[in-house]
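Visitor: This is the structure, below, for whatever I ask next.
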Amino acid sequence: MFTTRLVDPYLKFHKFIYEKTEGRFGKHSNRVPALLLTTTGRKSGLPRTNGLTYCRDRGDVIVVASNGGSDRPPAWLLNLQADPDVTIRLGRQVTRAVARVADADERAQLWPLVNRTNRGMSRIFHRGVTGRYDVYQRNTKREIPVVIITLKRETDPTDE
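For the sequence shown, numbering that gives the first Met the number 0 gives the first residue as 0, with consecutive numbering after it.
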């Protein structure tokens, strides 16, 4: 697939730069905020890290499990459904968090926001769409999930 041939190497390179510079570079991908999401592999038990674009909604971090519009969900979604405790890197800040799939009402509310935040080239090549996730949704049979990541408040041991 044309998109996969071009996008996969870019995503791997972006993740590599983001990790190696500890967030000094890579916190944006094509002018969209980007994060590193680390889940626990549901089969291996090993940490699995993916670079994703995101937006914010009332303190939560919102990502989309689009897998480029594939009919298969991304592995990171299956991992966080098995174990919702995740770690995210937002720039130089690494934070523990809990992730969950948005319910139908939340998805309906968040879908326009994620599309506005992540327009990409979709508005140029596809008339009548607001963002790239609309394009992906048109090209897949599954409903693309929106994931809500709630940051955990880190407690200071001296507070106890």
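Backbone N, C-alpha and C define an ideal beta-carbon position, used for all residues, glycine too. The structure displayed is predicted, hence computed values, not measured ones.
Apart from the five residues just before and just after E21, which ones in its own chain have a Cβ nearer than 7 angstroms to its Cβ?
Guide: The residues are R91.
Visitor: So what's A64 in DSSP terms, helix, strand or just coil?
Guide: It is coil, neither helix nor strand.
Visitor: Is the closest heavy atom of the ligand MN to the C-beta of D104 under 7 angstroms?
Guide: Looking for the ligand MN in the displayed structure turns up nothing, as the structure carries no ligands at all.
Visitor: Nearest to I61 by alpha carbon, out of T52, G67, G68?
Guide: Of the listed residues, the one whose Cα sits closest to I61 is T52.
Visitor: In this structure, how does DSSP classify I16 when only helix, strand and coil are distinguished?
Guide: Note: I16 maps to helix in three-state DSSP.
Visitor: Please classify R95: does DSSP put it in a helix, a strand, or coil?
Guide: If DSSP states are grouped into helix, strand and coil, R95 belongs with the strands.
Visitor: Quick test of the definition: if touching needs 3 or more C-beta pairs under 8 angstroms, does the stretch 132 to 139 touch the stretch 68 to 77?
Guide: With the cut-off at 8 angstroms, the stretch 132 to 139 and the stretch 68 to 77 touch.
Visitor: Once DSSP output is grouped into helix, strand and coil, what is the label at P111?
Guide: Helix, per DSSP.
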